[in-house]
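S.K.: Please read through the structure below; I'll follow up with questions.
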Amino acid sequence: MSGVAITIEADGESAVMQALQRLSNFDQNKPELFDAIGHSVVSNIRNRWTNGEGLEGKWRLSGRVARKGGTTLRDTSRLMNSITHNVLQNGVEIGTDVEYGPIHHFGGEIHYEARMRRSYFRQNQRTGLVGNKFVRKARSNFMQESMGKAYKVNMLRRPFLGLTESDELQVMDLIVEHLTNDG
Numbered sequence: 165m166s167g168v169a170i171t172i173e174a175d176g177e178s179a180v181m182q183a184l185q186r187l188s189n190f191d192q193n194k195p196e197l198f199d200a201i202g203h204s205v206v207s208n209i210r211n212r213w214t215n216g217e218g219l220e221g222k223w224r225l226s227g228r229v230a231r232k233g234g235t236t237l238r239d240t241s242r243l244m245n246s247i248t249h250n251v252l253q254n255g256v257e258i259g260t261d262v263e264y265g266p267i268h269h270f271g272g273e274i275h276y277e278a279r280m281r282r283s284y285f286r287q288n289q290r291t292g293l294v295g296n297k298f299v300r301k302a303r304s305n306f307m308q309e310s311m312g313k314a315y316k317v318n319m320l321r322r323p324f325l326g327l328t329e330s331d332e333l334q335v336m337d338l339i340v341e342h343l344t345n346d347g
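What follows is the structure, encoded as structure tokens:
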């Protein structure tokens, strides 16, 4: 090297040496940092979900919620509870293994094929007349098969995986805290 050079010599107690020591240990402590980031982001996603929010704000009510009540994307909470993280060598991945997660996140069309359907009714034993109200199979004494039509459902996109601005700030705080704490 030509030109000007600087050499820093400091005792082990100086702030510079302590910072350099922490940086040299960073590779072995990365999994701990990535795990903390994963827990933080998963927690934030679930908190937004509980409030009916995604990355783009409040979700529009689903048809099921409009008919029956409840919360959008939370019939059984299976999808929300499946959100998890995996620590990788150089990062963290956050996602779900539930098969219907992508259609809710990205939106799209679901195509249902035509199929045979069974309807269950009660038949009056004395008159032989069949009632016009559906009943459960266990209470039925009359079954009728009919061919249902093919149809499609358009799922709105409700993105839930990703980082908001506040998530990014929280991740940055975790990184700074990890680099500055004694370890």
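Quick note, the sequence shown lines up with residues 165 to 347 if you use my numbering. The beta-carbon is built from N, C-alpha and C at its ideal position, and this holds for glycine as well.
#1: Based on Cα-Cα distance, which residue from Tyr-315, Ile-247 and Gly-259 lies nearest to Ala-278?
#2: Whether or not the segment 328–340 and the segment 225–244 are in contact is what I'm after, with contact meaning three or more pairs of Cβ atoms, one per stretch, closer than 8 angstroms; do they touch?
#3: Given this structure, state the Cα-to-Cα distance separating Asn-193 from Ala-200, to the nearest angstrom.
#4: Determine the burial state of Val-340: buried for a count of at least 16 other Cβ atoms within 10 Å of its Cβ, exposed for fewer.
#5: Whole angstroms are fine: how far does the CA of Gly-221 sit from the CA of Gly-292?
#6: Can you name the start and end residues of the alpha helix (DSSP H) that Lys-232 belongs to?
#7: Considering just the uninterrupted stretch of the alpha helix (DSSP H) at Ser-207, what are its terminal residues?
#8: Since Leu-325 and Ile-258 should fall inside the 8 angstroms C-beta cutoff, what is the C-beta to C-beta distance between them, to a whole number of angstroms?
#9: Can you find the residues in the same chain that come closer than 6 angstroms, C-beta to C-beta, to His-249, ignoring five residues on each side of it along the sequence?
#10: Can you give me the C-alpha to C-alpha distance between Ile-267 and Val-251, rounded to a whole angstrom?
#11: Find the nearest neighbour of Glu-309 within the set Glu-329, His-275, Arg-282 and Glu-273, judged by alpha-carbon distance.
#12: Mind checking which residues open and close the alpha helix (DSSP H) that includes Glu-243?
#13: Over the uninterrupted alpha helix (DSSP H) stretch that includes Phe-270, give me the two end residues.
#14: Does DSSP put Lys-301 in a helix, in a strand, or in coil?
#15: Using only the alpha-carbon positions, how far apart do Asn-254 and Thr-328 sit?
#16: Specify, as a first and last residue, the run of the beta strand (DSSP E) that Val-119 falls within.
#17: Could you check what DSSP says for Leu-325 in three-state terms: helix, strand or coil?
#18: Could you check the C-alpha separation between Trp-213 and Met-244 for me, to the nearest Å?
#19: Quick check on Ile-274: buried or exposed, where buried means 16 or more other Cβ atoms within 10 Å of its Cβ?
M.R.: Taking the geometry as given:
#1: One-based indexing of the sequence shown puts residue 278 at position 114. Ala-278 has its Cα closest to that of Tyr-315, out of Tyr-315, Ile-247 and Gly-259.
#2: For the pair of segments examined, the segment 225–244 was found not to touch the segment 328–340: the number of CB pairs separated by less than 8 angstroms stays below three.
#3: Within the sequence shown, numbered from 1, the residue matching residue 193 stands at position 29. Within the sequence shown, numbered from 1, the residue matching residue 200 stands at position 36. The straight-line gap from Cα to Cα measures roughly 11 angstroms.
#4: Sequence index remark: in the sequence shown, residue 340 carries index 176 (1-based). Counting Cβ neighbours within 10 Å, Val-340 comes out exposed, since fewer than 16 surround it.
#5: Position 128 of the sequence shown holds residue 292. Position 57 of the sequence shown holds residue 221. So the alpha carbons of these two residues sit roughly 56 angstroms apart.
#6: Taking the first residue of the sequence shown as 1, we reach residue 232 at position 68. Where Lys-232 is concerned, the enclosing alpha helix (DSSP H) stretches over 227–232.
#7: For the purposes of this step, residue 207 is taken as the residue at position 43 of the sequence shown. Element bounds for Ser-207: 190–214.
#8: Start at 1 with the first residue of the sequence shown, and residue 325 comes out as number 161. Start at 1 with the first residue of the sequence shown, and residue 258 comes out as number 94. The pair is a contact, with the Cβ atoms about 6 angstroms apart (cut-off 8 angstroms).
#9: Counted from its first residue, the sequence shown places residue 249 at position 85. Excluding sequence neighbours, His-249 sits near Gly-202, Val-206, Val-256 and Ile-258.
#10: Residue numbering aside, residue 267 sits at position 103 when the sequence shown is read from its first letter. Residue numbering aside, residue 251 sits at position 87 when the sequence shown is read from its first letter. C-alpha separation (whole angstroms): 25 angstroms.
#11: Position 145 of the sequence shown holds residue 309. The shortest Cα separation from Glu-309 among Glu-329, His-275, Arg-282 and Glu-273 belongs to Arg-282.
#12: As a working mapping, residue 243 is identified with position 79 in the sequence shown. Per the sequence shown, the amino acid found at residue 243 is Leu instead of Glu. Counting along the chain, the alpha helix (DSSP H) containing Leu-243 begins and ends at 242–246.
#13: Residue numbering aside, residue 270 sits at position 106 when the sequence shown is read from its first letter. 265–270 is the span of the alpha helix (DSSP H), which, as asked, contains Phe-270.
#14: Translated into positions along the sequence shown, residue 301 becomes position 137. Of the three classes helix, strand and coil, the one that applies to Lys-301 here is helix, per DSSP.
#15: Mapped onto the sequence shown, residue 254 falls at position 90. Mapped onto the sequence shown, residue 328 falls at position 164. Cα to Cα, the separation comes out at about 21 angstroms.
#16: Because the chain spans 165 through 347 in this model, residue 119 falls outside it and cannot be assessed.
#17: On the sequence shown, residue 325 is found 161 positions in, with the first residue counted as 1. It is coil, neither helix nor strand.
#18: Here residue 213 refers to the residue found at position 49 of the sequence shown. Here residue 244 refers to the residue found at position 80 of the sequence shown. So the two alpha carbons sit approximately 7 angstroms from each other.
#19: In the sequence shown, counting from the first residue as 1, residue 274 sits at position 110. Classification of Ile-274: exposed, given that the 10 Å Cβ count is below 16.
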